[in-house]
Structures are given as structure tokens and as C-alpha cells.
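One structure below.
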Amino acid sequence: MSNAVIRIENLTKRYGLVTALDDISLEVERGTIFGLLGPNGAGKTTAVKILTTLARPDGGKIEVIGTDILKDPVRVRSLIGYVPQELTVDPYLTVQEHLRYYADLYHLSAVGKDSRIREVLGLVGLAGYENRRARYLSGGTKKKIDLACGLIHRPPLLFLDEPSLGLDVQARRDVWSYILRLKEQGTTSFLCTNYMDEAERLCDIVAIIEHGRIAVIGSPAQLRSQLKRDVISIEIASADEHQRKELEVLEKAVSQLRIVQGTVKNGTQLKVYVESNEIALPQILQSAASLSIPIRTITYSRPGLDEVFLHYTGHPFADERKIDA
Ligand SMILES: Nc1ncnc2c1ncn2[C@@H]1O[C@H](COP(=O)(O)OP(=O)(O)OP(=O)(O)O)[C@@H](O)[C@H]1O
Ligand SMILES: [Mg+2]
6 MSNAVIRIEN
16 LTKRYGLVTA
26 LDDISLEVER
36 GTIFGLLGPN
46 GAGKTTAVKI
56 LTTLARPDGG
66 KIEVIGTDIL
76 KDPVRVRSLI
86 GYVPQELTVD
96 PYLTVQEHLR
106 YYADLYHLSA
116 VGKDSRIREV
126 LGLVGLAGYE
136 NRRARYLSGG
146 TKKKIDLACG
156 LIHRPPLLFL
166 DEPSLGLDVQ
176 ARRDVWSYIL
186 RLKEQGTTSF
196 LCTNYMDEAE
206 RLCDIVAIIE
216 HGRIAVIGSP
226 AQLRSQLKRD
236 VISIEIASAD
246 EHQRKELEVL
256 EKAVSQLRIV
266 QGTVKNGTQL
276 KVYVESNEIA
286 LPQILQSAAS
296 LSIPIRTITY
306 SRPGLDEVFL
316 HYTGHPFADE
326 RKIDA
């Protein structure tokens, strides 16, 4: 039996002629961070709105924490937290007032309410901001209020729609560390993002979505290694004839390794294409050592999620939005 907290089978959603979600099926395991990664208009927010019971699907079966979202939406809402894509803060309320409002919305008991508010404010780095009005705070700080409000009732499952959108580098890092801290505490997160680095840094499993369809699902490492395109570049000490010979010998030796898919020699440099750097590097070093061939530098690189996107969708990941760095 699987440990899924979200089960989606054949979910479809149309807006007039637009098919926002096209026959999506996926599961999210308890305690993980699951990422829906895709460009503008891919269908991410639509998926989150349906999962949080704010929009109705046109077809499919969806269970959130063992509850059918159409049969018992009230129970689903009591078990989840939701931090929407757009800021929801009220400029005239203080930070504390926002939290009190949400605490009441979720019927938190009076006992322990203040201490819970203190706890979530501490968690998102807003301790000391209790009496500040939202209108005087930066965009990043406002986002932290949204995050704190989504957490106030200790939901076991949190939906985060583009949590770092529009934040500067430091604020993004802060938000990432809160999300990871929540994971340590056992919270499952379903996160929509437009950013490859965010998916890479946070997500245990990523589903790449485009035009309402899931192109591929896997861990970032799995997705990259499925491309089988890691490359190791080896340079030997100098370019004299003897060393050229050594490079040839080395090329021949590493070509025999099962992990190696191809080699390209260029002057003093040898490029070795492998399925996985981690496994191939020690074997290649071992080959060089056993042949007593001195290596000057050895570097490796691997495809990013942008290359994964390109591979599975047939075109580059386009996004006109940029991070305010
Ligand atoms: N309420 C709506 N009415 C009509 N069309 C909609 C509505 N909401 C979304 N759409 C359309 O559905 C598609 C998916 O939109 P959605 O907002 O889910 O994308 P997204 O992946 O969240 O994009 P972004 O990264 O820009 O937030 C788009 O073509 C969008 O125009
Ligand atoms: Mg969206």
C-alpha cells in the first residue's frame, strides 16, 4: 500500500476552449516536497486550485489525505494549508492581526493561540514584526506573512503556488529554508514553480508540466541521469608527443568501462560521456592511476532541469519573468 497523501487520476479541467489540465495522473508521497514545474500558463495554478477545492475538475478522481475532494471538501480544507500565487495580505492590518484572523478562521482554540502565532512568526523569520502594518513592509516580508498564515493551523499538507515569485535572492533563500524546515517537521508540500533552481533545490519529486500535460515525473537526479549526458573532462599535464600517446591510452582504457558511453579527444583534453558522474569518476581515476597517467585537471558537468525540459517537450523552457536579483 502506498503512502500517498495526494492521488490524482485522469484529472481534466477546461476553461471554454482551453484545456488547462489534460488527463493528469500522479501521486504525492507523505513527507516529501513535490514540485509542479512548468512555464506560464502550463496549468500549475489550475491544479492547485482544484486540489484545494477552490475550482471543480471536469473529470478525474482526486483524493487528498484519503478524502475525495468532491465528496468532502470541508474536511480537505481543514487538513491543508494554501499559500496562493498572488499576495493576499491586507495593507492596513498588522502582521499579528493577519495571524489572529487566520487562527480564528481555522478555529484555533484560545489556549495556545498566541504561542502558536509566535511560533509560526519565528519559523518564517517575522519575530519582531508583530505590530508592523503590511503596507509598510517589503514584498518579500509580505510573502512571509502569507506563508505564516498558511501554516498557522499546522497543516500536514501545504500547497505553495510559486512561493518565491518576485522575491530577491536573500528572501528566496529564506523561503526555501522554511520550506525545508517544514519538511523536517513532517509536512508534505505541493509546490508550483517556474524556477528550475527552486525545483532542483527543494523538490524530492518533480513533475514537468506543459500545456496541461505532464511530460515526465521523477526526482531531479533521476530526470537528469535519464538523459545519460553527464560529461567528464580530463586534461593531462602537457601537449608533447609522449603525453598525447598517454591520452590515447587513457581513452582506450576508459572506453572499455561499462559506464562510459562515448569519448571525444581534443588536443590534451579528453571528454568522456557517462550516465552518472558519481559512478564514473572513481572508475576513470582508477584507470588513470593504474596506467600511471598524470591528470592535471578533471571536471564534470551534468544536464540541468532546463535540458530535461528540452528533452521531454522538444523545445526550451521559456519564461519571460525574471528574478529581481
Ligand atoms: N479562470 C480562468 N478562466 C479562463 N481561463 C483560465 C482561467 N484560469 C486559467 N486559465 C487558463 O488556463 C491555462 C492554465 O493557467 P494556469 O493559471 O493554471 O497556469 P500556471 O501554470 O499557473 O501559469 P503561471 O506560471 O503564469 O502562474 C492558461 O491557458 C490560462 O489562461
Ligand atoms: Mg500560476
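Going from the sequence shown to this note's numbering is simple: count from 1 and add 5. Here a beta-carbon is modelled for each residue, glycine too, at the ideal position from N, C-alpha and C.
Here Arg140 has Pro96, Tyr97 as same chain residues with Cβ atoms under 7 Å from its own Cβ, once five neighbours each way along the sequence are excluded. The beta carbon of Tyr183 sits closer than 7 Å to the beta carbons of Leu128, Val129, Leu152 from its chain, once the five residues preceding and following it are set aside; these are given in chain order.
The three-state reading of DSSP puts Cys154 in helix, counting H, G and I together. In the DSSP assignment, Lys188 falls within the alpha helix (DSSP H) that extends over 174-189.
Three or more Cβ pairs closer than 8 Å define a contact, and the stretch 11-18 meets that threshold against the stretch 54-68. Of the residues Gln274, Glu32, Glu189, Glu256, the one whose Cα lies closest to the Cα of Gln288 is Glu256. Taking 8 Å as the cut-off, the Cβ atoms of Val33 and Phe195 count as close. Within the stretch 43-94, the runs of beta strand (DSSP E) that reach at least 3 residues and sit entirely inside it are, in chain order, 64-69, 85-88. The beta carbon of Glu253 lies closer than 8 Å to those of Lys270 in the same chain, with the five residues before and after it left out.
Distances from the CA of Ser297 to each of Ala258, Glu312, Leu42, Tyr278 were compared; the closest alpha carbon is that of Ala258.
Taking 7 Å as the cut-off, the C-beta of Thr51 counts as close to a heavy atom of ligand 1. Distance check between Trp181 and each of Tyr107, Leu315, Glu203, Ser292 places Glu203 closest, using alpha-carbon atoms only.
Counting along the chain, Glu251 sits inside the alpha helix (DSSP H) bounded by residues 246-260. Three or more beta-carbon pairs separated by less than 8 Å link the stretch 304-312 to the stretch 226-233, which places the two stretches in contact. Beta-carbon to beta-carbon, Glu215 and Gly43 are separated by about 5 Å, close enough to satisfy the 8 Å threshold. A Cβ-Cβ separation of about 35 Å leaves Arg186 out of contact with Asp27 under the 8 Å criterion. At least one heavy atom of ligand 2 lies closer than 7 Å to the C-beta of Asp166.
At least one heavy atom of ligand 1 lies less than 7 Å from the C-beta of Ala25. At a cut-off of 3 residues, not a single continuous stretch assigned as beta strand (DSSP E) sits fully inside the stretch 115-148. Proximity of the beta carbon of Tyr20 to ligand 1 is indicated: a heavy atom of the ligand is located closer than 7 Å. Here the alpha carbon of Arg121 sits roughly 27 Å from the alpha carbon of Lys54.
Counting other Cβ atoms within 10 Å of its Cβ, Asn199 reaches 16 or more and is therefore classed as buried.
Of the residues assessed, Ala176 falls on the buried side of the cut-off, its CB having 16 or more other CB atoms within 10 angstroms. Assignment of beta-bridge partners to Tyr200 by DSSP yields no partner. In the structure shown, Ile298 adopts coil according to DSSP, grouped into three states. Between Ala212 and Tyr317, the gap from beta carbon to beta carbon reaches 8 Å or more. Going by DSSP, Ser238 is part of no alpha helix (DSSP H) but of the beta strand (DSSP E) stretching over 235-241. For Phe164, the enclosing beta strand (DSSP E) covers residues 162-166. With contacts defined by Cβ atoms closer than 8 Å, Pro160 and Ile237 do not form a contacting pair. Secondary structure of Ser281 (DSSP, three-state): coil. The alpha-carbon separation between Val277 and Leu92 amounts to approximately 48 Å. Using a 10 angstroms sphere on the CB of Gly133, the tally of other CB atoms stays under 16, which defines it as exposed.
Our two residues, Glu135 and Asp209, have alpha carbons roughly 34 Å apart in a direct line. As computed with DSSP, Asn271 is found in a beta bridge with Gln274.
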